[in-house]
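K.L.:
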Amino acid sequence: MPVFTEKQLNRIAMLGALSLFLSTVEYLFPRPIPFMRLGLANLPVILCLDLISSKTGKAGEPGEFLPLRGYFLLILLKVLGQGMVNGTMASYIFLFSISGSFASGLIMLLAWRFLRPDISFLGVSILGALVSNMAQILLSIIFIFGASAWRILPWFLGIGLISGLLIGLFAQRFSKKSRWWAAIKGGRI
Amino acid sequence: MKILRYDVLAILLSLLVFLFFTWSAYKQNGETGYLLIESMDAEFLYPLSEDREIHVKGPVGESIVEIHNGEAKFTHSDCSDELCVQMGSISGPGEWAACLPNEVFLSTTGNHTEGDVDAGVY
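So the protein sequences, as listed, match chains A and B.
Residues in the first sequence are numbered consecutively from 3, following my numbering.
Residues in the second sequence are numbered consecutively from 145, following my numbering.
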């Protein structure tokens with residue numbers, strides 16, 4: 003039995019490709035610290051949350067737009083994409099990136115699952131940014147820079163809050179207006 | 145476009161964490177740090193908050209280091225060129241001054257959270 007249906011695979015591939023594209027866009031912005039990011043590539047991951055939680059209700063579908071493992075596969079694709087675009091795949095930054103992404107992915111998933119009627123893409127995006135930054139700073143304190151890494155934390159958190167806000171608002175708008183998204187939600191793609 | 149209850153809560157939480165760490169980083173900056181002196185055969189750690197004069201022995205002779213107003217500097221050294229004296233005062237985290245002939249190295253650090261001073265010698 004295949005792990006994903008063809009439609010599900012296509013969705014993951016599409017979102018993964020979007021994430022890769024956004025990583026490239028993000029690469030244009032200067033970064034004072036190598037693992038400091040705007041988090042644009044997080045957008046597909048946030049959007050993907052909406053796919054795991056909703057049912058298609060169509061006959062012949064396995065019930066869900068995307069199983070949970072599809073969500074984590076997308077996060078893995080996102081991290082790999084960022085690693086390739088930024089050229090950090092074989093460095094310690096990649097480990098920071100992967101742990102930050104999965105930590106924030108997990109929190110976003112939990113928030114989406116348990117706070118659902120009262121939380122939107124906006125809150126989820128901000129929580130994700132917060133957790134990702136905290137995880138990466140914590141790792142850099144433990145493994146590389148030592149206690150003085152606390153000093154850069156305000157920068158991370160400030161930028162994370164602003165970019166998380168903007169990306170969350172964009173995700174809200176995008177999921178309402180996009181015809182592509184409507185097609186996925188309608189089970190056509 | 146709606147902003148829901150937990151969205152607001154998430155923003156507030158994030159803002160709170162941001163402000164807390166900004167505040168603590170700011171507070172850390174205000175505290176004076178320590179002066180680490182590494183000489184030929186010993187290391188000394190002095191708080192920058194107390195004014196004092198320290199005589200350090202090296203292979204060439206004696207170097208005199210002065211701590212004044214939270215800044216440290218060489219005031220005299222028995223070396224030939226006294227480049228160390230010309231390096232001026234150091235105070236912030238990561239700043240340093242050295243007298244190479246006399247093998248004395250000064251560096252200032254932020255406040256030590258680990259490896260704090262056990263005792264002061266007067």
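We put the CB at the ideal spot given by N, CA and C, even for glycine.
This structure is a prediction, so every number in the text was calculated from the model and none was measured.
Using the Cβ count rule (16 or more neighbours within 10 Å means buried), how would you classify residue 144/A?
P.N.:
Against the first sequence, residue 144/A aligns to sequence position 142. It counts as exposed.
K.L.:
Report all residues from its chain with a CB closer than 8 Å to the CB of residue 69/A; omit the five preceding and five following residues, and keep chain order.
P.N.:
Counting from 1 along the first sequence, the entry for residue 69/A is found at position 67. If we look at residue 69/A and ignore the five residues flanking it on each side, its Cβ neighbours are 6, 10 and 54.
K.L.:
Okay, do the region 150 to 162 of chain A and the region 182 to 190 of chain A touch, 3+ Cβ pairs below 8 Å being the bar?
P.N.:
Contact fails: fewer than three Cβ-Cβ distances are below 8 Å.
K.L.:
At the level of alpha carbons, what is the spacing between residue 244/B and residue 202/B?
P.N.:
Counted from its first residue, the second sequence places residue 244/B at position 100. Counted from its first residue, the second sequence places residue 202/B at position 58. For residue 244/B and residue 202/B, the distance between alpha carbons rounds to 10 Å.
K.L.:
Spell out the partners DSSP gives residue 243/B in its beta bridges.
P.N.:
Residue 243/B sits at position 99 when you count from the first residue of the second sequence. Beta-bridge pairing links residue 243/B to 248/B.
K.L.:
Rounded to whole angstroms, what's the CA-CA distance from residue 89/A to residue 31/A? Just pull it up for me.
P.N.:
In the first sequence, the residue the question calls residue 89/A occupies position 87. In the first sequence, the residue the question calls residue 31/A occupies position 29. Residue 89/A and residue 31/A: Cα-Cα distance of roughly 15 Å.
K.L.:
Could you check if residue 64/A is buried or exposed, using at least 16 other CB atoms within 10 Å of its CB as the buried criterion?
P.N.:
Position 62 of the first sequence, counted from the start, is the residue given in the question as residue 64/A. Confidence is the limiting factor: at residue 64/A the pLDDT is only 48, short of 50, which leaves the residue's position unreliable, though a coordinate-based value still follows. The residue in question, residue 64/A, is exposed, as its Cβ has fewer than 16 Cβ neighbours within 10 Å.
K.L.:
Along the region 88 to 121 of chain A, what residues have a CB closer than 7 Å to any CB found in chain B?
P.N.:
Against chain B - using a Cβ distance shorter than 7 Å - the residues of the region 88 to 121 of chain A are 117, 120 and 121.
K.L.:
Write down every uninterrupted run of the alpha helix (DSSP H) in the region 39 to 101 of chain A whose length is 4 residues or greater and which is fully enclosed by it, in chain order.
P.N.:
45 to 55 and 70 to 88, all fully within the region 39 to 101 of chain A.
K.L.:
If we define contact as Cβ-Cβ less than 9 Å, is residue 159/B a contact residue for chain A?
P.N.:
Numbered from its first residue, the second sequence carries residue 159/B at position 15. Output row for residue 159/B: interface = yes.
K.L.:
For residue 166/A versus residue 130/A, is the C-beta distance shorter than 9 Å?
P.N.:
Residue mapping note: residue 166/A aligns to position 164 of the first sequence, counting from 1. Residue mapping note: residue 130/A aligns to position 128 of the first sequence, counting from 1. Yes, these two residues count as a Cβ contact at 9 Å.
K.L.:
Which residue comes first and which comes last in the alpha helix (DSSP H) that contains residue 11/A?
P.N.:
Your numbering for residue 11/A matches position 9 in the first sequence. Looking at the DSSP string, the run of the alpha helix (DSSP H) that includes residue 11/A is 8 to 29.
K.L.:
With which residues is residue 221/B paired in a DSSP beta bridge?
P.N.:
Here residue 221/B is taken as the residue at index 77 of the second sequence, counted from 1. According to DSSP, residue 221/B bridges with 207/B.
K.L.:
Closer than 9 Å, CB to CB, is residue 248/B near chain A or not?
P.N.:
Along the second sequence, one-based indexing puts residue 248/B at 104. No, residue 248/B does not count as interfacial toward chain A.
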